[in-house]
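Quick note, the sequences are listed as chains E and D, same order.
At position 29 of the first sequence (counting the first as 1) the number is 23 in our numbering, and the numbers step up by one without a gap.
At position 221 of the second sequence (counting the first as 1) the number is 215 in our numbering, and the numbers step up by one without a gap.
From the three backbone atoms N, C-alpha and C, an ideal C-beta is built for every residue, glycine too.
Computed from a predicted model, the values in this text were never measured in an experiment.
2 protein chains.
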Amino acid sequence: MSAQLQNAPTIAAQEHTPVTPRTSQPRERGIPEATVARLPVYLRALQALHESGTPTVSSEDLAEIAGVNSAKLRKDLSHLGSYGTRGVGYEVEYLIYQISRELGLTQDWSVAIVGIGNLGRALANYGGFGTRGFRIAALLDADVSIVGDKVAGLAVGHIDTLEDVVEKENVSIGVIATPASAAQGVCDRFIEAGVTSVLNFAPMVLNVPPGVDVRKVDLSIELQILAFHEQRKSDGHVESGRIGQTGNAR
Amino acid sequence: MSAQLQNAPTIAAQEHTPVTPRTSQPRERGIPEATVARLPVYLRALQALHESGTPTVSSEDLAEIAGVNSAKLRKDLSHLGSYGTRGVGYEVEYLIYQISRELGLTQDWSVAIVGIGNLGRALANYGGFGTRGFRIAALLDADVSIVGDKVAGLAVGHIDTLEDVVEKENVSIGVIATPASAAQGVCDRFIEAGVTSVLNFAPMVLNVPPGVDVRKVDLSIELQILAFHEQRKSDGHVESGRIGQTGNAR
DNA sequence: CCCACTTTGTGCGTACTTTCACAAGGGCGT
DNA sequence: ACGCCCTTGTGAAAGTACGCACAAAGTGGG
Ligand SMILES: NC(=O)c1ccc[n+]([C@@H]2O[C@H](COP(=O)([O-])OP(=O)(O)OC[C@H]3O[C@@H](n4cnc5c(N)ncnc54)[C@H](O)[C@@H]3O)[C@@H](O)[C@H]2O)c1
Ligand SMILES: NC(=O)c1ccc[n+]([C@@H]2O[C@H](COP(=O)([O-])OP(=O)(O)OC[C@H]3O[C@@H](n4cnc5c(N)ncnc54)[C@H](O)[C@@H]3O)[C@@H](O)[C@H]2O)c1
Chain E
-5 MSAQLQNAPT
5 IAAQEHTPVT
15 PRTSQPRERG
25 IPEATVARLP
35 VYLRALQALH
45 ESGTPTVSSE
55 DLAEIAGVNS
65 AKLRKDLSHL
75 GSYGTRGVGY
85 EVEYLIYQIS
95 RELGLTQDWS
105 VAIVGIGNLG
115 RALANYGGFG
125 TRGFRIAALL
135 DADVSIVGDK
145 VAGLAVGHID
155 TLEDVVEKEN
165 VSIGVIATPA
175 SAAQGVCDRF
185 IEAGVTSVLN
195 FAPMVLNVPP
205 GVDVRKVDLS
215 IELQILAFHE
225 QRKSDGHVES
235 GRIGQTGNAR
Chain D
-5 MSAQLQNAPT
5 IAAQEHTPVT
15 PRTSQPRERG
25 IPEATVARLP
35 VYLRALQALH
45 ESGTPTVSSE
55 DLAEIAGVNS
65 AKLRKDLSHL
75 GSYGTRGVGY
85 EVEYLIYQIS
95 RELGLTQDWS
105 VAIVGIGNLG
115 RALANYGGFG
125 TRGFRIAALL
135 DADVSIVGDK
145 VAGLAVGHID
155 TLEDVVEKEN
165 VSIGVIATPA
175 SAAQGVCDRF
185 IEAGVTSVLN
195 FAPMVLNVPP
205 GVDVRKVDLS
215 IELQILAFHE
225 QRKSDGHVES
235 GRIGQTGNAR
């Protein structure tokens, strides 16, 4: 079989002594998915603070910027270890390093995008990609009239070279931006080639074996969720209040 | 104030709703967010079944297609009411109607996209948009060299006409595809103009007042989450198992 | 009309999240 | 050195979400 399951319990356990300088904290293995999904948000907020020259920040302030409850933020960070100083807060630069390390951003990840249509091109041209450890290693498409085109400085390759590219470029994350009908096939090839992380933009549920992570970005679903709440608001209710940013989780 | 919050605490909660004086069975007001987020997935699966001529489907089969546990699916559907027939399953067409109605897709929603750059164009050209009750009412940008261009059959308008457009076209959902630096400003204008649902593609946390829904789509965060798990996999662990599709929730 | 069989709807225990509230830790002024 | 004040880290409570297991409900055959 393959399919199903939402979040996984995350294991925990072993872990030698980290590299951390002095006050290193034992950090337990097993960070909650909900926390993992928020770490990138904290990281972005911290980088903004760092760029503006702020040396330290309290959980209260950082939480405000990140749009979360401060207790939640502290608990999230506590999963990484005790990197704060009571009475003071967290050292911005140090925390950036810790979160980056935890997320695996201290190493580079090669990404291959398949389906260089409207969306694929936008993704390829998206600068924010490389800013954080992600490198677009290849752009692939099945349409021979597109193959060879230069997009964002990269020549589009033919889908048939997927396996070669994955191996040569050591691709670890596959992005699928093809029509839904081709998504499963592309996904299977990625997996067969050894890729175990997939980001899917096609509006369909991919079937994958255990051990493979798939995250989906589905515009249509987002709109439908918004429509649901919008309808509620005008449904006569005075009530409804949804609040701040809701994105993905697990 | 305004700011904060990530996922909303789910309104549901209180909302006794003494409303329905009738029989007890009917759907209580207050569908769990997690359920709302899955309804669109079920809907899509059902439509595929409908197109292939399938008249009824069991929770087991539908769950398989949607990639979820069948008990979860049944519980989700039970929030809408009892639309299944024991021993048979659910009537595809009827269920499509019920879910559509619940999601508010039986009415049309006008959408305005701001920021017609790489991503904005891809969104505008995205056909799947209109397929389900969503109509792109306007495309706006601040760059005068873009204003006037025809994208997906629509002329790009100037951002200064936002308020007029929202009123004239009765826009209820605003899509932000501008650089992060302009996102909050655009968001504020949308809200000021009366829009209470926003879909944000800019990598930043928007500050909004209560009553306004914001959903974000953040490519960078998705990649970072994948990187986290990818790192775990190679961290020596044999273990890690994340599985099937993970998308947004709440 | 009754029985065997299928599938729904849901009670219940478990697990995960969020939030509150506060004791303990640490810096700083005196 | 001492004590005050600020902020962290976290136990515990409350709220949600999941998925199992099964009684109830409906179908079709005999
Ligand atoms: N454009 C958007 O804003 C948007 C939004 C949400 C979802 N999506 C989804 O993203 C996907 C891509 O959207 P798009 O607008 O870029 O579509 P598109 O038609 O512009 O591009 C699809 C590309 O995939 C290529 N392709 C088709 N089959 C392939 C295969 N087997 N192997 C490799 N490449 C193949 C095509 O040649 C084409 O270049 C679709 O599934 C769409 O539903 C798009
Ligand atoms: N392209 C992607 O794949 C991608 C992926 C993830 C996130 N994003 C985010 O989406 C946003 C748009 O990305 P893009 O690649 O399309 O960028 P882009 O630079 O191509 O387009 C941005 C557009 O917004 C317009 N704009 C700027 N300020 C504006 C304002 N105040 N009002 C109205 N319009 C304004 C610009 O004129 C431009 O046309 C960015 O925030 C980016 O980080 C993009």
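Counting only beta-carbon separations shorter than 8 Å, does residue i have a partner in chain D?
i                     : result
residue 164 (chain E) : no
residue 207 (chain E) : yes
residue 223 (chain E) : yes
residue 227 (chain E) : yes
residue 26 (chain E)  : no
residue 218 (chain E) : yes
residue 77 (chain E)  : no
residue 14 (chain E)  : Note that residue 14 (chain E) scores 27 on pLDDT, short of 50, meaning its location in the model is unreliable; the coordinates nonetheless yield the value given after this. Chain D, which has no Cβ nearer than 8 Å to the Cβ of residue 14 (chain E), makes this no.
residue 120 (chain E) : yes
residue 115 (chain E) : yes
residue 38 (chain E)  : yes
residue 191 (chain E) : yes
residue 240 (chain E) : yes
residue 128 (chain E) : yes
residue 35 (chain E)  : yes
residue 180 (chain E) : no
residue 199 (chain E) : yes
residue 184 (chain E) : no
Do residue i and ligand 1 come close, with the Cβ less than 7 Å from some heavy atom?
i                     : result
residue 112 (chain E) : yes
residue 63 (chain E)  : no
residue 142 (chain E) : no
residue 108 (chain E) : yes
residue 105 (chain D) : no
residue 120 (chain D) : yes
Does at least one heavy atom of ligand 2 sit under 7 Å from the Cβ of residue i?
i                     : result
residue 193 (chain D) : no
residue 154 (chain D) : no
residue 173 (chain D) : yes
residue 135 (chain D) : yes
residue 197 (chain D) : yes
residue 213 (chain D) : yes
residue 36 (chain E)  : no
residue 297 (chain E) : Any question about residue 297 (chain E) goes unanswered here, given that chain E covers just -5 to 244.
residue 146 (chain D) : no
residue 180 (chain D) : yes
residue 176 (chain D) : yes
So, under 8 Å CB-CB, residue i and residue j are touching, yes? Tell me the CB distance rounded to an integer number of Å.
i                     : j                     : result
residue 208 (chain D) : residue 35 (chain E)  : Incorrect: roughly 13 Å between the Cβ atoms, too far for contact.
residue 98 (chain D)  : residue 31 (chain E)  : Not a contact, Cβ separation roughly 26 Å.
residue 118 (chain D) : residue 136 (chain D) : Not really, about 16 Å apart at Cβ, beyond 8 Å.
residue 169 (chain D) : residue 106 (chain D) : 7 Å
residue 158 (chain D) : residue 150 (chain D) : Their Cβ separation, rounded to whole angstroms, is 15 Å, which puts residue 158 (chain D) and residue 150 (chain D) out of contact at 8 Å.
residue 84 (chain D)  : residue 51 (chain D)  : 6 Å
residue 93 (chain E)  : residue 37 (chain E)  : 5 Å
residue 211 (chain E) : residue 216 (chain D) : 6 Å
Using the DSSP secondary-structure output, state which residues sit across from residue i in a beta bridge.
i                     : result
residue 77 (chain D)  : Paired residues: none, contrary to the question.
residue 207 (chain D) : D:191
residue 136 (chain D) : According to DSSP, residue 136 (chain D) bridges with nothing at all.
residue 88 (chain D)  : Residue 88 (chain D) pairs with nothing; no bridge assigned.
residue 222 (chain D) : Per DSSP, none; premise fails for residue 222 (chain D).
residue 125 (chain D) : Looking at the DSSP assignment, residue 125 (chain D) forms no beta bridge with any residue, so it has no partner.
residue 148 (chain E) : E:145
residue 171 (chain E) : DSSP lists no partner for residue 171 (chain E).
Is there a Cβ from chain E that is less than 8 Å from the Cβ of residue i?
i                     : result
residue 167 (chain D) : yes
residue 159 (chain D) : no
residue 22 (chain D)  : In this predicted model, residue 22 (chain D) has a pLDDT of only 49, less than 50, meaning its place in the structure is not dependable; the value taken from the coordinates is given anyway. With 8 Å as the cut-off, residue 22 (chain D) does not count as an interface residue toward chain E.
residue 91 (chain D)  : no
residue 98 (chain D)  : yes
residue 60 (chain D)  : yes
residue 210 (chain D) : yes
residue 214 (chain D) : yes
residue 1 (chain D)   : With a pLDDT of 30 at residue 1 (chain D), under the threshold of 50, the modelled position of this residue cannot be trusted, and the question is left open.
residue 19 (chain D)  : At residue 19 (chain D), the pLDDT of 36 sits below 50, so the modelled position is not reliable; the number obtained from the coordinates is stated separately. Chain E, which has no Cβ nearer than 8 Å to the Cβ of residue 19 (chain D), makes this no.
residue 176 (chain D) : no
residue 31 (chain D)  : yes
residue 74 (chain D)  : no
Taking 7 Å as the cut-off, is the CB of residue i close to at least one heavy atom of ligand 3?
i                     : result
residue 116 (chain E) : Of the ligands one can find in the structure shown, namely ligand 1 and ligand 2, none is ligand 3.
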